[in-house]
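Q: So the protein lines, in turn, are chains Y and A.
Counting in this note's numbering, the first sequence runs from 986 upward without gaps.
Counting in this note's numbering, the second sequence runs from 986 upward without gaps.
Beta carbons: idealized from backbone N, C-alpha and C, even for Gly.
The structure that follows is given in the form of structure tokens.
Protein chains: 2
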Amino acid sequence: MESPATVPALHPLDAATTLEALSDDRFQGCIPPAYANFIGPFGGVLAACLLRAPCMHERRLGDPLAITVNFGGPVAQTPFEIHARPTITNRSSQHWALELHQDGSIPLTATAVFARRRETWSAQEAARPEVAGPGHYPPIDSRDLPAWVANYDIRVISGGMSFLADSPRAQDSSETLLWARDLPARPLDFPALLALSDVFFPRIFVRRPTFVPVGTISLSTYFHADAGELADQGDAHLLCRARGKRFHNGYFDHSGELWGAGGALLATTHQVVYYKE
Amino acid sequence: MESPATVPALHPLDAATTLEALSDDRFQGCIPPAYANFIGPFGGVLAACLLRAPCMHERRLGDPLAITVNFGGPVAQTPFEIHARPTITNRSSQHWALELHQDGSIPLTATAVFARRRETWSAQEAARPEVAGPGHYPPIDSRDLPAWVANYDIRVISGGMSFLADSPRAQDSSETLLWARDLPARPLDFPALLALSDVFFPRIFVRRPTFVPVGTISLSTYFHADAGELADQGDAHLLCRARGKRFHNGYFDHSGELWGAGGALLATTHQVVYYKE
């Protein structure tokens, strides 16, 4: 008889994003308290759950290329259902409509595109920021932050949360540079990369010296890496950069980049965020 | 009896995006040949049609904040149906699931968020590029380009299509700066701004010296302007900038900005595009 000690424990991210297939198009999940945010679970882990549904679907074609997740209302720490429906399947791409249902409402909707790549002329136009390695920066202290932060090793290079400073003051730039990976370390895959694309704290926390209520409204992530590039990444830290362009009467945007250890731009990400001040 | 000459003609954009309500949640439209692209209609005008459905819906709350449109297959120049369903309505925001149905398939899906803004601390962080006015640049010659281009006054400042140059050669940067507005001029509103957010020719046409097949896969536009700012814009040219970050085995991204005459950042936009070379 096998001893329980020899059964490898699921990584917290895998435990949080495990889905049970209820039928071809319906999957059940539940986010544990370990990934709680201020209200409801961390958006990145919810997005990862939504992405896992087409990944598990028997009609899946190719790998994730793009996903947009819309956050309409809080998700409770109780079971939910994800409905995943392929709307059109072409020779090399496939479109998905996704919804998260809970207690008779639809707090989240999403669309995703999966695709097969073929070798073509390629070029990485953006330049990776030049910074010292993750060992040069201390990990963020997650003790006074929402539970989900403890599942990430986040090392801020510049542009931290202003209200955590000894003498908080307003900043002119919302740009943040940070290193991040799962904690404990975990090999990168598409759901983990998607969750990491939401690891940036809200840009208004960089600009403003005080805490204000915020919530992501819509998040889009484009995957530039293929599965091979993700496998090459292993569990190394990602270099992440984000900056907002306009804060206007309750809503701001940001655009972000996630760079791999070898210098490849693995993903770009964009979101629009609600704020109250 | 009123003379036909006194009835003002519909602007081509309004003619192309007119929807007829078939029921609360279903709308019929049809894109005329004037907005044709290489295969099917111009994506910007299809996106504008999709946005018009919730704008017309009796349950609409507030103004557009964000929309993502996914282009899964070609749309024919025949009537189509848009299905528009509010998935969740909060006090100040509303989420929509949108689909375009034609001939038994769903070539387009979209999600949109509408919102009411309230006055808060605001800041425009991005800097508007400093360029000479639209009168300093010649309008693009649309004669050898798809029909839709003739509905826009596009004046390239830098980063034009390389294959149109006298001696086409590869470029290191995909950045384009251009002035654009509807032709004939038309007061700006949300559908027109959304269509303009897709006015950038594909970034690979800037980088590469030859024409290659391309198609937008997914487009997300965030509206930073409220209806009052759009009204202030009138029919002035918008200053538009776009640049790609990575071209990788068949897919590239771009991020764009649309600046108003008064210097406000009216919208930001992102897309992922298929290419074959």
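Of all Cβ atoms in chain A, is any one closer than 8 Å to the Cβ of Leu1031/Y?
A: Taking the first sequence and counting its residues from 1, the one referred to as residue 1031/Y is at position 46. Chain A contact via Cβ: absent.
Q: Taking only beta-carbon atoms, is His1209/A less than 8 Å away from chain Y?
A: Within the second sequence, residue 1209/A is the residue found at index 224, counting from 1. So, interface residue.
Q: Going along chain A, which residues have a C-beta under 7 Å from Tyr1020/Y?
A: Counted from its first residue, the first sequence places residue 1020/Y at position 35. Chain A residues near Tyr1020/Y: none, gap ~22 Å exceeds 7 Å.
Q: Going by CA-CA distance only, name the one from Pro1114/Y, Ala1132/Y, Phe1027/Y, Ser1152/Y that's closest to Ser1143/Y.
A: For the purposes of this step, residue 1143/Y is taken as residue 158 along the first sequence, with counting starting at 1. It is Pro1114/Y whose Cα lies nearest to the Cα of Ser1143/Y.
Q: Just by C-beta distance, which residues in the stretch 1088-1116 of chain A are closer than 8 Å to chain Y?
A: Residues Ser1090, Ile1091, Pro1092, Thr1094, Ala1095, Thr1096, Val1098, Ala1100, Arg1102, Arg1103, Glu1104, Thr1105, Trp1106, Ser1107, Ala1108, Gln1109, Glu1110, Ala1111.
Q: Which residues, in chain order, does the stretch 1224-1245 of chain A contribute to contact with chain Y at a C-beta distance below 9 Å?
A: Cβ contacts with chain Y: Arg1228, Gly1229, Lys1230, Arg1231, Phe1232, His1233, Asn1234, Gly1235, Tyr1236, Phe1237, Asp1238, Ser1240, Glu1242.
Q: Which class does His1068/Y belong to by DSSP, given the choice of helix, strand or coil?
A: Counting from one through the first sequence, the residue named residue 1068/Y turns up at place 83. Three-state DSSP puts His1068/Y in a strand.
Q: Are the Cβ atoms of Phe1099/A and Gly1047/A separated by less than 8 Å?
A: Sequence index remark: in the second sequence, residue 1099/A carries index 114 (1-based). Sequence index remark: in the second sequence, residue 1047/A carries index 62 (1-based). For Phe1099/A and Gly1047/A, yes; Cβs fall inside 8 Å.
Q: If we cut at 8 Å on Cβ distances, does Val1257/A have a partner in chain Y?
A: In the second sequence, residue 1257/A corresponds to position 272, counting from 1. By this cut-off, Val1257/A is an interface position.
Q: In angstroms, rounded to a whole number, what distance separates the CA positions of Val1030/Y and Ala1001/Y?
A: Locating residue 1030/Y in the first sequence gives position 45, counting from the first residue. Locating residue 1001/Y in the first sequence gives position 16, counting from the first residue. Distance between the alpha carbons of Val1030/Y and Ala1001/Y is about 7 Å.
Q: Taking the DSSP output, what are the residues bridged to Ile1139/Y?
A: Your numbering for residue 1139/Y matches position 154 in the first sequence. Paired residue(s): Ala1165/Y.
Q: Between which residues of its own chain and Ala1165/Y is the CB-CB distance below 8 Å, once the five residues before and five after are set aside?
A: Working through the first sequence from its first residue, we reach residue 1165/Y at position 180. The answer, listed in chain order, is Tyr1137, Asp1138, Ile1139, Arg1140, Leu1181, Val1184, His1222, Leu1223, Cys1225.
Q: So which residues of chain Y does Leu1250/A contact, with C-beta pairs closer than 7 Å?
A: Reading the second sequence from its first residue, position 265 is the one you call residue 1250/A. By Cβ distance, chain Y contributes Lys1230, Arg1231.
Q: Could you pull the start and end residues of the beta strand (DSSP E) that Gly1028/A belongs to?
A: Counting from one through the second sequence, the residue named residue 1028/A turns up at place 43. Note, Gly1028/A: premise wrong, no beta strand (DSSP E); alpha helix (DSSP H) at 1028-1041.
Q: Could you spell out where the beta strand (DSSP E) holding Gly1200/A opens and where it closes?
A: As a first step, residue 1200/A is located in the second sequence; it is residue number 215 there, counting from the start. Looking at the DSSP string, the run of the beta strand (DSSP E) that includes Gly1200/A is 1199-1208.
Q: On the DSSP letters alone, give me the boundaries of the beta strand (DSSP E) that Asp1238/Y sits inside.
A: The sequence position of residue 1238/Y within the first sequence is 253, counting from 1. It spans 1236-1244 - the beta strand (DSSP E) in which Asp1238/Y sits, taken as one unbroken run.
Q: How far does the beta strand (DSSP E) with Glu1084/Y in it extend, from its first residue to its last?
A: What you label residue 1084/Y is simply residue 99 of the first sequence in a count that begins at 1. Counting along the chain, the beta strand (DSSP E) containing Glu1084/Y begins and ends at 1078-1087.
Q: Between the C-alpha atoms of Ile1091/Y and His1209/Y, what's the straight-line distance to the nearest angstrom?
A: Position 106 of the first sequence, counted from the start, is the residue given in the question as residue 1091/Y. Position 224 of the first sequence, counted from the start, is the residue given in the question as residue 1209/Y. About 29 Å.
Q: Where do the ends of the beta strand (DSSP E) carrying Gln1256/A lie?
A: As a working mapping, residue 1256/A is identified with position 271 in the second sequence. Looking at the DSSP string, the run of the beta strand (DSSP E) that includes Gln1256/A is 1250-1260.
Q: Return the CA-CA distance between Pro1153/A and Pro1194/A, expressed in angstroms with no decimal places.
A: What you label residue 1153/A is simply residue 168 of the second sequence in a count that begins at 1. What you label residue 1194/A is simply residue 209 of the second sequence in a count that begins at 1. Near 5 Å, if we compare the C-alpha coordinates of Pro1194/A and Pro1153/A.
Q: What's the C-alpha gap between His1068/Y and Leu1004/Y?
A: For the purposes of this step, residue 1068/Y is identified with residue 83 of the first sequence, where counting begins at 1. For the purposes of this step, residue 1004/Y is identified with residue 19 of the first sequence, where counting begins at 1. Taking the straight line from one Cα to the other gives about 11 Å.
Q: Cα separation between Leu998/A and Cys1034/A?
A: Here residue 998/A is taken as the residue at index 13 of the second sequence, counted from 1. Here residue 1034/A is taken as the residue at index 49 of the second sequence, counted from 1. Rounded to whole angstroms, Leu998/A to Cys1034/A spans 10 Å at the Cα level.
Q: Can you name, in chain order, every residue of its own chain whose Cβ lies under 6 Å from the Cβ of Arg1192/Y, other than the five neighbours on each side?
A: In the first sequence, counting from the first residue as 1, residue 1192/Y sits at position 207. Contacts found: Gln1156, Ser1159.
Q: Given Tyr1260/Y, which residues of its chain have a CB within under 6 Å of its CB, disregarding the five upstream and five downstream residues?
A: The residue you call residue 1260/Y lines up with position 275 of the first sequence. If we look at Tyr1260/Y and ignore the five residues flanking it on each side, its Cβ neighbours are Ile1189, Val1197, Val1199.
Q: Give the interface partners of His1080/Y over in chain A, defined as CB-CB distance under 7 Å, in chain order.
A: As a position in the first sequence, residue 1080/Y is number 95, starting the count at 1. Result: Asn1055, Gly1057, Thr1094.
Q: Determine whether the beta carbon atoms of Phe1065/Y and Ile1202/Y lie at a separation below 8 Å.
A: Locating residue 1065/Y in the first sequence gives position 80, counting from the first residue. Locating residue 1202/Y in the first sequence gives position 217, counting from the first residue. It is not a contact, given that the beta carbons lie outside the stated cut-off.
Q: What is the DSSP secondary structure of Glu987/Y, reduced to helix, strand or coil?
A: What you label residue 987/Y is simply residue 2 of the first sequence in a count that begins at 1. A caution first: Glu987/Y carries a pLDDT of 49, below 50, which makes its placement in the model unreliable, though a value can still be read off. Coil at Glu987/Y, not helix or strand.
Q: Within 10 angstroms of the Cβ of His1022/Y, are there 16 or more other Cβ atoms? Answer buried if so, exposed if not.
A: Locating residue 1022/Y in the first sequence gives position 37, where the first residue counts as 1. According to the sequence provided, residue 1022/Y is Asn. The question's His does not apply to it. So Asn1022/Y ends up on the buried side.
Q: The alpha helix (DSSP H) spanning Leu1179/Y covers which residue range?
A: Looking up residue 1179/Y in the first sequence gives position 194. Unbroken alpha helix (DSSP H) run through Leu1179/Y: 1175-1181.
Q: Taking the C-alpha atoms as reference points, what is the distance between Thr1253/Y and Ala994/A?
A: The residue you call residue 1253/Y lines up with position 268 of the first sequence. The residue you call residue 994/A lines up with position 9 of the second sequence. When rounded, the distance between both Cα atoms is 43 Å.
Q: Is Arg1101/A helix, strand or coil when you go by DSSP?
A: Position 116 of the second sequence, counted from the first residue, corresponds to residue 1101/A. It is coil, neither helix nor strand.
Q: Counting along the chain, where does the beta strand (DSSP E) carrying Thr1053/A start and finish?
A: Position 68 of the second sequence, counted from the start, is the residue given in the question as residue 1053/A. Residues 1048-1056.
Q: For Glu1262/Y, decide whether its Cβ has a neighbour in chain A, counting only Cβ atoms nearer than 8 Å.
A: By 1-based counting over the first sequence, the position of residue 1262/Y is 277. Closer than 8 Å to some Cβ of chain A, the Cβ of Glu1262/Y qualifies, so yes.
Q: Are the CB atoms of Leu1173/A and Gly1028/A within a distance shorter than 8 Å?
A: Here residue 1028/A refers to the residue found at position 43 when the second sequence is read from its first residue. Here residue 1173/A refers to the residue found at position 188 when the second sequence is read from its first residue. Contact: no.
Q: Could you work out which residue in Leu1243/Y, Gly1229/Y, Arg1231/Y, Asn1234/Y is closest to Glu1214/Y when comparing CA atoms only?
A: Working through the first sequence from its first residue, we reach residue 1214/Y at position 229. It is Leu1243/Y.
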